[in-house]
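Going by mature numbering (1 follows the signal peptide of the UniProt record, and there is no 0), the letters in the sequence shown line up with residues -21 to -1, 1 to 336, in that order. Let me begin by presenting the structure, written as structure tokens, before commenting on it.
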Amino acid sequence: MARRGLLLLLLLLSALQPLWPSALPPPGTAAGKAAIASLILSALERATVFLEKRLPEINLDGVVGFRVLAVQLKGVQEEWAQDPPLQPLSLRAGKLVEKLEALLPRSLRYLQLSHPQYLREFRPAVQPGFWKLPHTWTRTNASLVYSTWEPQDLFSEGSSDRCLVQLLGTGMDGAPPCRLSDPCRTLMTRPGCSGYCLSHQMLFFLWARMMGCTDGPFHHSQQYLNVLCANMMDVNRRIEAIGYTFPTQDLFLENIMFCGLAGFSDFYKRRWLEAIVSWQRLQEGCFGKPAATGEAAPRAPQSPRRLLRRVKRQEKEFTDGCLAHQTTTAVAALGGFLYILAEDPGGRWSPATPSST
Ligand SMILES: *[C@@H]1O[C@H](CO)[C@@H](O)[C@H](O)[C@H]1NC(C)=O
């Protein structure tokens, strides 16, 4: 067992080596940026092959990130098309968009058969035009991090989903979108959340923004996003500090996906990009359970472990350990790295000094 584990590890390392020589090239130069972009595109192409192969089995939560990715790729394709040295990359991004645009409607046809009600309620999130990319960037403010956390047992995925359905206006009651009942308002604005509770609250305000809801508490959506993403940044730093122990990677990726889409550029850290790319299973193109290496995983200290207890959206695990939700959040996180790289020629996403990350 141990020998097999070692062999696997060696195989894995040798497979990674050509792809991952040491660190990423510096993004400051055009060549460096193109090299990073090409690396991310390769990862995304592999993940899209995974989507294609498992299409009939992937649930809706597993598809959303690929819809986001299609939007991000269109964004970078347009940026790069104007820059002759980057045109080959633009073409590559364009090809991947085409592939996704063909796959996504096919996946919805499968979901229509397997989960018709869930699809009806959450269809907007997988429709073209729903997700919009940030055009101005901000950073999280550490002074907004909660000093104490509440136990998150009160937050169930069911009640969170009901609030999202209200927001989308896709419920059976025929109510219009942007509605916020008192229980949902309490749930979504309650301070002191951690883990998936934070990202559920964040998703709520992010969707409200995508839909253009501005009344009532939505008038202050940006303030809520500031607080939530400051705390999600804190969570991600803790996850990094414990070595991204399984299963924390999923939450880590979700936080980058959501807060990145809300325009918080400090989620796009170079060392986080390096970590994420290294997690992909090259054979399957998916993200999921780490391959057994025979090594004991480092144990998380008590407090972060409790803090990061999972309350998450629907996961779908494949027999080979690929995880649909983790893969979909990974592609949207990586798409975000690609987008900020293309969108922000000043290289703001990647501060030169480690201290400022
Ligand atoms: C961070 O938030 C605090 C408290 O709201 C505020 O006083 C401070 O100005 C903010 N800092 C930045 C850089 O925005």
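Note that beta-carbon positions come from the ideal geometry of N, C-alpha and C, so glycine has one too.
Check, Outcome
"Grab me the residues of F45's own chain with a C-beta within less than 7 Å of its C-beta, minus the 5 sequence neighbours each way, in chain order.", "L30, L79, L83, T307, V310"
"What does DSSP give as the partner residues of G267 in its beta bridges?", "C301"
"Return the Cβ separation of E58 and A321 in integer angstroms, given the expectation that the two are a contact with Cβ distance under 8 Å.", "4 Å"
"Where does E322 fall in DSSP's three states?", "helix"
"Is any heavy atom in ligand 1 found nearer than 6 Å to the beta carbon of N38?", "no"
"CB of N210 to nearest heavy atom of ligand 2: below 6 Å?", "This structure does not include ligand 2; its bound ligands are ligand 1."
"Any idea what DSSP makes of F183, helix, strand or coil?", "helix"
"Hey, would you say C208 sits closer than 7 Å to C238, going by beta carbons?", "yes"
"Can you tell me where the alpha helix (DSSP H) with G239 in it begins and where it stops?", "227 to 240"
"Any heavy atom of ligand 1 closer than 6 Å to the Cβ of S160?", "no"
"Counting pairs of Cβ atoms below 8 Å between the stretch 134 to 143 and the stretch 155 to 167, do you hit three or more?", "yes"
"When the Cα of H94 is compared with those of G315, H114, T127, N38, which residue comes out closest?", "N38"
"Give me every residue whose Cβ sits closer than 5 Å to any heavy atom of ligand 1, in chain order.", "N120, S122"
"Taking all protein chains shown into account, decide if Q180 is buried (16 or more other Cβ within 10 angstroms of its Cβ) or exposed.", "buried"
"Are the Cβ atoms of A81 and Q56 separated by less than 7 Å?", "no"
"Quick one: what's got a C-beta closer than 6 Å to S1's C-beta in the same chain, skipping five residues either side?", "Residue confidence for S1 is low, a pLDDT of 47 falling below 50, so the modelled location carries little weight; the figure read from the coordinates is stated next. Same-chain partners within the cutoff: there are none."
"Could you tell me whether the stretch 146 to 156 touches the stretch 180 to 192, using the rule of 3 or more Cβ pairs below 8 Å?", "yes"
"Would you decide whether H199 is buried or exposed? Buried here means 16 or more other CB atoms lie within 10 Å of its CB.", "exposed"
"Could you name the residues of the same chain whose beta carbon sits closer than 6 Å to that of L68, not counting the 5 residues immediately before and after it, in chain order?", "A16, W59"
"For L313, I'd like the list of residues in its chain whose CB is within less than 7 Å of its CB, leaving aside the five on either flank, ordered along the chain.", "I19, A22, L23, I255"
"For C265, I'd like the list of residues in its chain whose CB is within less than 6 Å of its CB, leaving aside the five on either flank, ordered along the chain.", "F29, C301, T306"
"With a threshold of 6 Å on Cβ separation, who are the neighbours of E100 within its own chain once the five nearest residues in sequence on each side are excluded?", "V144, T149"
"Going by DSSP, what residues sit across from residue 389 in a beta bridge?", "Here the chain comprises residues numbered -21 to 336, so residue 389 is not present and cannot be evaluated."
"Would P35 and Y97 be called neighbours here (beta carbons separated by less than 7 Å)?", "no"
"Quick one: what's got a C-beta closer than 7 Å to R118's C-beta in the same chain, skipping five residues either side?", "F243, S244, D245"
"Would you list, in sequence order, the uninterrupted alpha helix (DSSP H) runs of no fewer than 4 residues that lie entirely inside the stretch 75 to 153?", "95 to 101, 136 to 147"
"In the structure shown, what three-state DSSP assignment does E294 receive?", "coil"
"Quick one: what does DSSP say P67 is sitting in, helix, strand or coil?", "helix"
"Would you call H304 buried or exposed, if buried means 16 or more other Cβ atoms sit within 10 Å of its Cβ?", "buried"
"I'd like to check one pair, V50 with A104: are the Cβ atoms closer than 7 Å?", "no"
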